[in-house]
Amino acid sequence: MKKIAFVFMLTWGGAIYAQEANTIYFNSEFLPNTEVSDVSRTTLGIDIPVIKSNDKESFSVGASYQSTNLNYVDIDVPFETYQIEGFHTFALKLEYNRLLANNWGITLMAQSQISSNFDEMDYGEKDLFFNGAVILDKLNEDNMSMWSFGVINDAQYGFYFPIPTVSYTKRINDSWAYKLGVPDSRVKWTWNQNSNFEAFAALDGFSGNINDEIDIYKEDYMGTLRQTTVVSGLEYNFNFWRNFQLYAKGGYTLYNNMEVQDYDNEEIYDFNMANGWYFNVGMSYKLGKKVKLKSPY
Numbered sequence: 001m002k003k004i005a006f007v008f009m010l011t012w013g014g015a016i017y018a019q020e021a022n023t024i025y026f027n028s029e030f031l032p033n034t035e036v037s038d039v040s041r042t043t044l045g046i047d048i049p050v051i052k053s054n055d056k057e058s059f060s061v062g063a064s065y066q067s068t069n070l071n072y073v074d075i076d077v078p079f080e081t082y083q084i085e086g087f088h089t090f091a092l093k094l095e096y097n098r099l100l101a102n103n104w105g106i107t108l109m110a111q112s113q114i115s116s117n118f119d120e121m122d123y124g125e126k127d128l129f130f131n132g133a134v135i136l137d138k139l140n141e142d143n144m145s146m147w148s149f150g151v152i153n154d155a156q157y158g159f160y161f162p163i164p165t166v167s168y169t170k171r172i173n174d175s176w177a178y179k180l181g182v183p184d185s186r187v188k189w190t191w192n193q194n195s196n197f198e199a200f201a202a203l204d205g206f207s208g209n210i211n212d213e214i215d216i217y218k219e220d221y222m223g224t225l226r227q228t229t230v231v232s233g234l235e236y237n238f239n240f241w242r243n244f245q246l247y248a249k250g251g252y253t254l255y256n257n258m259e260v261q262d263y264d265n266e267e268i269y270d271f272n273m274a275n276g277w278y279f280n281v282g283m284s285y286k287l288g289k290k291v292k293l294k295s296p297y
C-alpha cells in the first residue's frame with residue numbers, strides 16, 4: 001500500500017488523457033534499465049467513428065495491438081527469464097460520448113483485452129482483462145477552464161483495481177495552458193499553429209498473463225507480470241498536412257516497479273527496477289472529432 005500511495009502522490013495533480021478525435025496511431029516506447037531489464041513497447045491502434053448524432057453524442061469503436069519486449073540483463077534473477085521476455089496485447093474498445101446540459105459532458109468506455117506471453121501458444125480466461133472508464137466533464141467557458149472526474153480501470157497501468165481520475169484544466173492565454181490531476185499532469189507552451197512543447201508527469205505500465213508455469217525459487221508458479229511506472233519529461237508535438245501529428249517524448253522515471261504476482265495479486269518476485277530514462281516517439285492521423293466538450297487545453 002505504501003508503493004500505491006507513493007504513485008498517486010507523484011501523479012496527483014491529471015485526468016485520463018482522453019483524445020478529442022478518432023485516430024489511427026502508432027508509438028514506440030523504450031525504457032532502458034542497465035541493472036535489470038530493458039523494456040520496449042510498440043503499439044498500433046485505430047479509433048473509428050460509428051455514430052455521430054446531432055452533435056450531441058458519438059459512438060466509436062477502437063482496436064489496438066501492443067508488443068512488449070523485455071531484455072533481461074540481471075544475472076542475479078533467480079530463474080530463467082525466457083518465458084517472460086515477450087508479451088502480446090490485443091484490445092477491442094467501445095466508447096460513448098454525450099454532451100449534457102449546462103456545459104456538462106460524459107464519456108463511457110469499455111474494453112476487452114487479451115494480454116499474454118502465449119508460452120502455451122493458446123489463451124485462457126486468465127489472459128483476458130476487462131477495462132473501463134466513466135468520466136464527467138464540466139466546462140467553464142468564461143474562465144477558460146474545465147473540471148473532469150470519474151473512475152478508470154486499466155490493466156495497462158499495472159494495477160488490478162480501478163483508480164480515480166480527477167483533473168483541472170486551465171487555458172492561461174493563447175500560448176500557455178496546464179492540466180493538473182490523476183493519472184496525467186502537464187503544462188503546454190504553444191510555439192505556433194503547428195508546434196507545441198509539453199512538460200508532463202504521467203502514469204504508465206503494463207500487465208500480461210504468464211500462461212504457463214514458471215520456475216521461481218525452485219517452485220512452479222502461474223500468475224501475472226505487472227509493471228507500474230511514473231514517467232516525467234518533455235514532449236514535442238508537430239502537426240502537418242492538416243490531420244497528421246508527430247510527437248517525441250524524453251524524460252526520466254520517478255517511480256518504476258515490476259513484479260511477478262500470483263492470481264491473488266500477491267508478490268512472487270520483485271525485480272527491484274531502478275529509475276531510468278524514458279523515450280517515446282509516435283505518429284497519428286485524425287479520422288474525425290468525437291462529440292466532446294472542447295478542452296481549454
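With the UniProt record's numbering applied, the sequence shown covers 1 to 297.
From the three backbone atoms N, C-alpha and C, an ideal C-beta is built for every residue, glycine too.
Tell me, which residues are paired with residue i by DSSP?
i, result
"W176", "W189"
"residue 316", "Absent from the model: residue 316. The displayed extent of the chain is 1 to 297, so no value can be given."
"G158", "Paired residue(s): none; G158 is not in a bridge."
"L246", "F238 and M283"
"D270", "E259"
"N71", "D38"
"L31", "V39"
"G251", "G233 and Y278"
"M146", "L139 and T169"
"Q66", "T43 and T89"
"S207", "R226"
"F118", "According to DSSP, F118 bridges with nothing at all."
"T23", "K286"
Any idea if residue i is buried or exposed, counting beta-carbon neighbours within 10 angstroms, 16 or more meaning buried?
i, result
"F197", "exposed"
"K294", "exposed"
"K56", "exposed"
"L234", "exposed"
"Y263", "exposed"
"R242", "exposed"
"Y178", "buried"
"Y278", "buried"
"K218", "exposed"
"I210", "buried"
"A155", "buried"
"D127", "buried"
"V7", "Only weak support exists for where V7 lies, its pLDDT of 45 falling under 50; the coordinates are left without a value."
"S53", "exposed"
"S175", "exposed"
"M1", "The pLDDT assigned to M1 is 45, lower than 50, so where the model puts this residue is not dependable; a value taken from the coordinates is nonetheless given after this. Label assigned to M1: exposed."
"E125", "exposed"
"M121", "exposed"
"D142", "exposed"
"I75", "exposed"
Under 8 Å by Cβ, that's how I've got residue i and residue j pegged, so tell me the actual separation to the nearest angstrom.
i, j, result
"E29", "N280", "5 Å"
"L225", "G250", "So it is not a contact: roughly 26 Å between Cβ atoms."
"S112", "F130", "6 Å"
"K188", "Y25", "19 Å between Cβ atoms; not a contact."
"I84", "N33", "Contact doesn't hold; Cβ gap of about 15 Å is too wide."
"T169", "V182", "So it is not a contact: roughly 13 Å between Cβ atoms."
Should residue i and residue j be called a contact, given that it needs their Cβ atoms to be closer than 8 Å?
i, j, result
"Y285", "T23", "yes"
"I152", "A133", "yes"
"Y82", "V36", "no"
"N103", "K292", "no"
"F244", "N194", "no"
"F79", "D215", "yes"
"R171", "M144", "yes"
"N265", "T229", "no"
In chain order, what residues of the same chain lie with their CB nearer than 6 Å to the CB of residue i, ignoring the 5 residues before and after it?
i, result
"A91", "S64, Q111 and Q113"
"G282", "F26, N27 and Y247"
"N69", "S40 and G86"
"K138", "W104 and W147"
"F271", "V36 and M258"
"G45", "Y25 and S64"
"D47", "N22, T23, S60 and G62"
"F240", "none"
Kindly list the residues whose CB is nearer than 7 Å to the CB of residue i, restricted to its own chain and excluding five residues on each side of it in sequence; keep chain order.
i, result
"V50", "F59, S60 and V61"
"N192", "none"
"S232", "F200, A201, G251, Y252 and L254"
"Q261", "G223, T224, R226, E267 and I268"
"K3", "Reliability of the predicted coordinates at K3 is poor, the pLDDT of 49 falling under 50, and no value is obtained from them."
"N158", "First, the amino acid is wrong: residue 158 is Gly here, not Asn. Only G205, F206, S207, R226, Q227 and T228 meet the Cβ criterion."
Cutting at 8 Å between CB atoms, please list the residues of its own chain near residue i, excluding the five before and the five after it.
i, result
"D119", "Q83, I210, N211 and D212"
"F161", "N153"
"L100", "I106"
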